[in-house]
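Q: Would you mind keeping the following structure in view while I ask a few things?
There are 2 protein chains.
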Amino acid sequence: MSEPVSSPAVDDAEAARHRAKMEKRKAVQDREVAEKTIEKGLLIVHTGPGKGKSTAAFGLALRMLGRGGRVGVVQFIKGAWQTGEQEAFAAFGDRVVWHTMGEGFTWETQDLARDRAAAARAFAKVRELMADETIALLVLDELNIALRYEYLDLGEVVSTLAARRPGLHVVVTGRNAKPELVAAADLVTEMGLVKHHFSAGVKAQAGIEF
Amino acid sequence: MSEPVSSPAVDDAEAARHRAKMEKRKAVQDREVAEKTIEKGLLIVHTGPGKGKSTAAFGLALRMLGRGGRVGVVQFIKGAWQTGEQEAFAAFGDRVVWHTMGEGFTWETQDLARDRAAAARAFAKVRELMADETIALLVLDELNIALRYEYLDLGEVVSTLAARRPGLHVVVTGRNAKPELVAAADLVTEMGLVKHHFSAGVKAQAGIEF
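Structure (structure tokens):
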């Protein structure tokens, strides 16, 4: 085996400074934790041009499964393409309810009426899963795309999600989240694109992109 | 069951405009896909102040598991705290190799020498897993924190990761990624904090934060 990485030695003064700083930090941290008392089902939005929006949603689903909860997934846009996580969720049997309602990327279907009908069917499925009290977390994958292209009525979608039952967490993914959805959300993360391997000619690879 | 969301009707002219636009988009998309031919193990960095860095890394791990790959995880900072995903990965048996090498948050240990020693042990484990050819993806959770606090030698870490075997994907998470690591990476996503429920007094909840 190779050598472990070297880690610089610590002198007493440095150790004491570090301890003092961390004691202060711990006090702040403990106070902040104590101030937070509310429990609620969150409306979470993952948006932005960077990679990781759906991936983080499925990571949350995994965490919820680890905590014993059931998870529902409705995919609004992607069709057969993205299957790595779907395969993996099979290990959890009926604790993951998965519905791929989209018919593929909008530039593949090229059929607006069909895309709209598919989105309406997908949202009907969302209402059904929202009413299912065995489900703790709902992933609405690429719903932002369906909203952006006006496949669905924005006001109707936002008010439906805002009226979720108290314990239900909902994660919405996709670029260009609508401001009305952001306003209704509890947690919004913008995935920023700093650097992408596609720009360097690297192709989509199994286990990474799909 | 409740009514499906209304979706506006499409007239012929609108449908034709949409089709033409999407045909053009598909041509661009197909050309871009055709231009990307390189396959390589990626060095991926999830950084930034927003939520989702580790979550997206575990989502990638899940995707890789769905594609039949084995996954290694080394946690540099967090100790016993974050266990939802760890529990869930148990469903995949020895296809996930998990090492929690950190001794908890830096403000909990308050011991610089101990934190540095733990980081050095963790990186020795990373070298071991990098050499294991059965592993397709390696998650180095919160390595950025260990680098930020100079628990490890930055140059040594970056050159070790840059020298990974060709097929190995490595994901590094944590705030404040070092520019040298970003320079060496293929894919860098900055998770931006748009809105966080902690600010509204909501506490950390099982299945969401841990």
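If you're matching them up, the sequences are chains D and G in order.
The numbers in the first sequence follow the UniProt record's numbering, run straight up by one, and end at 210.
The numbers in the second sequence follow the UniProt record's numbering, run straight up by one, and end at 210.
We put the CB at the ideal spot given by N, CA and C, even for glycine.
Model, not experiment: these values are computed from the prediction.
Excluding sequence positions up to five away, which residues of its chain have a Cβ less than 6 Å from the Cβ of residue 192(D)?
A: Position 192 of the first sequence holds residue 192(D). Hits under 6 Å: 48, 50.
Q: Closer than 9 Å between beta carbons: that is the criterion. Which residues of the region 99 to 120 of chain D meet it against chain G?
A: Within the region 99 to 120 of chain D, the qualifying residues are 105, 106, 107, 108, 109, 110, 111, 112, 113, 115, 116, 117, 119, 120.
Q: Rounded to a whole number of angstroms, what is the C-alpha to C-alpha distance between residue 183(G) and residue 164(D)?
A: One-based indexing of the second sequence puts residue 183(G) at position 183. One-based indexing of the first sequence puts residue 164(D) at position 164. Each residue's Cα considered, the two are about 43 Å apart.
Q: If you drop the 5 nearest sequence neighbours on each side, which residues of the same chain put their C-beta closer than 7 Å to that of residue 62(G)?
A: Sequence index remark: in the second sequence, residue 62(G) carries index 62 (1-based). Same-chain partners within the cutoff: there are none.
Q: Taking the beta carbon of residue 34(D) as the centre, do at least 16 other beta carbons fall within 10 Å, making it buried, or is it exposed?
A: As a first step, residue 34(D) must be located in the first sequence, where it is residue number 34. By the neighbour-count rule (16 or more Cβ atoms within 10 Å), residue 34(D) is not buried but exposed.
Q: For residue 170(D), which beta-bridge partners are listed by DSSP?
A: Locating residue 170(D) in the first sequence gives position 170, counting from the first residue. According to DSSP, which records beta bridges pairwise, residue 170(D) is partnered with 43(D), 138(D).
Q: List, in chain order, every chain G residue whose beta-carbon is nearer than 9 Å to that of residue 75(D).
A: The residue labelled residue 75(D) in the question sits at position 75 within the first sequence. Per Cβ cutoff of 9 Å: no residues; residue 75(D) is ~14 Å from chain G at best.
Q: Determine, using beta carbons only, whether residue 174(G) comes closer than 8 Å to chain D.
A: Position 174 of the second sequence holds residue 174(G). By the rule that beta-carbons nearer than 8 Å mark a contact, residue 174(G) does not touch chain D.
Q: Evaluate residue 133(D) with the Cβ neighbour count: other Cβ atoms within 10 Å of its Cβ, from every protein chain shown; 16 or more gives buried, anything less gives exposed.
A: Sequence index remark: in the first sequence, residue 133(D) carries index 133 (1-based). Exposed is the call here.
Q: State the Cα-Cα distance for the pair residue 195(D) and residue 207(D), rounded to the nearest angstrom.
A: Numbered from its first residue, the first sequence carries residue 195(D) at position 195. Numbered from its first residue, the first sequence carries residue 207(D) at position 207. Residue 195(D) and residue 207(D): Cα-Cα distance of roughly 19 Å.
Q: How should residue 135(D) be labelled, buried or exposed, when 16 other C-beta atoms within 10 angstroms of its C-beta is the threshold for buried?
A: Taking the first residue of the first sequence as 1, we reach residue 135(D) at position 135. Buried, because 16 or more other Cβ atoms sit within 10 Å of the Cβ of residue 135(D).
Q: How big is the Cα-Cα spacing for residue 188(D) and residue 172(D)?
A: In the first sequence, residue 188(D) corresponds to position 188, counting from 1. In the first sequence, residue 172(D) corresponds to position 172, counting from 1. Distance between the alpha carbons of residue 188(D) and residue 172(D) is about 10 Å.
Q: Can you give me the C-alpha to C-alpha distance between residue 197(D) and residue 205(D), rounded to a whole angstrom?
A: Position 197 of the first sequence, counted from the first residue, corresponds to residue 197(D). Position 205 of the first sequence, counted from the first residue, corresponds to residue 205(D). Going from the Cα of residue 197(D) to the Cα of residue 205(D) covers about 11 Å.
Q: What residue does the beta strand (DSSP E) around residue 195(D) start on, and which one ends it?
A: Stepping through the first sequence from its first residue, residue 195(D) is reached at position 195. Note, residue 195(D): beta strand (DSSP E), 187 to 195.
Q: Can you tell me the Cα-Cα spacing of residue 102(D) and residue 29(G), whole angstroms?
A: What you label residue 102(D) is simply residue 102 of the first sequence in a count that begins at 1. What you label residue 29(G) is simply residue 29 of the second sequence in a count that begins at 1. About 19 Å.
Q: Excluding five sequence neighbours on each side, which residues of the same chain lie with their C-beta closer than 8 Å to the C-beta of residue 2(G)?
A: Counting from one through the second sequence, the residue named residue 2(G) turns up at place 2. With a pLDDT of 47 at residue 2(G), under the threshold of 50, the modelled position of this residue cannot be trusted; read the value that follows with caution. Excluding residues within five positions, none has a Cβ falling inside 8 Å.
Q: Within the same chain, show all residues whose beta-carbon is closer than 8 Å to that of residue 120(D), passing over the 5 residues directly before and after it, in chain order.
A: By 1-based counting over the first sequence, the position of residue 120(D) is 120. Once the five neighbours on either side are set aside, the close Cβ partners of residue 120(D) are 151, 152.
Q: Determine the extent of the alpha helix (DSSP H) in which residue 116(G) is found, giving its start and end residues.
A: Translated into the one-based positions of the second sequence, residue 116(G) becomes position 116. Here the alpha helix (DSSP H) through residue 116(G) covers 112 to 131.
Q: Would you list, in sequence order, the uninterrupted beta strand (DSSP E) runs of no fewer than 3 residues that lie entirely inside the region 13 to 42 of chain D?
A: none
Q: Taking DSSP as the reference, what is the three-state secondary structure of residue 67(G)?
A: Numbered from 1 along the second sequence, position 67 holds the residue referred to as residue 67(G). DSSP places residue 67(G) in coil when its eight states are reduced to three.
Q: Contact criterion: CB-CB distance below 8 Å. Does residue 78(D) meet it with respect to chain G?
A: As a position in the first sequence, residue 78(D) is number 78, starting the count at 1. Not an interface residue.
Q: Can you name the residues that DSSP bridges to residue 72(D)?
A: As a first step, residue 72(D) must be located in the first sequence, where it is residue number 72. For residue 72(D), which the question treats as bridged, DSSP gives the partners 97(D), 138(D).
Q: Below 8 Å between beta carbons: does that hold for residue 43(G) and residue 137(G)?
A: The residue labelled residue 43(G) in the question sits at position 43 within the second sequence. The residue labelled residue 137(G) in the question sits at position 137 within the second sequence. Pairing residue 43(G) with residue 137(G) gives a Cβ-Cβ distance that is not under 8 Å.
Q: Got a sec: which bits of the region 128 to 147 of chain D sit with their beta carbon under 7 Å from any beta carbon on chain G, in order along the chain?
A: For the region 128 to 147 of chain D, the set of residues with a beta-carbon nearer than 7 Å to any beta-carbon of chain G comprises 128, 136, 137, in chain order.
Q: Would residue 143(G) pass as a contact of residue 210(G) if the rule is Cβ separation under 8 Å?
A: On the second sequence, position 143 is the one that residue 143(G) refers to. On the second sequence, position 210 is the one that residue 210(G) refers to. No, the pair does not count as a contact, with Cβ atoms beyond the cut-off.
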